[in-house]
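Reading through the structure tokens given below for one structure.
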Amino acid sequence: MNDCIFCSIANRQIPAELIVETDTLVAFHDLNPQAPQHVLLIPKKHIATLDGAGDEDRAVLGDLLLAAAEIARRLGFAEAGYRTVINCNQNGGQSVYHLHVHVLGGRALEWPPG
Ligand code: AMP
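Each residue of the sequence shown is one higher than the last, beginning at -14 in the working numbering.
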């Protein structure tokens, strides 16, 4: 996808400090953090939404969650706790249409979300 900002980050057309890069995903800090720690994980493959993911994406969806847990441990907030979020479509509050997992930590998070 030529006009997808997260594809551009994954392809390194836009500079971003990558926390993790594997064959299937990259992770980087959110530009507008909502918690002291706010990491985004994205598949290298352009998948617009979770609703658009298919059977063929089963492995990468697993990779994203395992990498989220690994990053939380590596950045030191796993034990205190954190939240993973995938916003989907308009009512879910999705603003970038390239599937991504938010990992939020470093403070107590409220529930339910707004
Ligand atoms: P969502 O609302 O779930 O689609 O989340 C999109 C997230 O991407 C927001 O938290 C934005 O702050 C973040 N974001 C947008 N552009 C960038 C960028 N260039 N680098 C890092 N984070 C970004």
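From the three backbone atoms N, C-alpha and C, an ideal C-beta is built for every residue, glycine too.
Proximity of residue i and residue j at Cβ, strictly below 9 Å
i	j	result
PRO28	LEU10	yes
VAL81	ALA53	no
ALA12	ILE4	yes
LEU46	THR69	no
GLN22	LEU84	no
LEU16	ILE71	no
HIS14	GLU2	yes
ALA99	ALA20	The amino acid at residue 99 is misidentified as Ala; the sequence shows Gly. No, these two residues do not count as a Cβ contact at 9 Å.
LYS30	ASP42	yes
Opening and closing residue of the alpha helix (DSSP H) in which residue i lies
i	result
GLN75	74 to 77
VAL81	From DSSP, VAL81 is part of no alpha helix (DSSP H); its letter is neither H nor E.
GLU146	Past the edges of the chain, shown from -14 to 99, lies residue 146, and the structure says nothing about it.
Helix, strand or coil at residue i [DSSP, three-state]
i	result
VAL5	strand
ARG(-3)	coil
ALA20	coil
LEU100	Absent from the model: residue 100. The displayed extent of the chain is -14 to 99, so no value can be given.
Exposed unless 16 or more other CB atoms sit within 10 angstroms - verdict on residue i
i	result
LEU25	buried
ILE32	buried
ILE(-1)	exposed
ALA57	buried
Those residues which DSSP pairs with residue i across a bridge
i	result
HIS87	LEU25 and VAL70
ALA12	VAL5 and LEU26
Neighbour flag for residue i against chain B, beta carbons, 9 Å
i	result
TYR82	In the displayed structure, chain B is absent; only one protein chain is listed.
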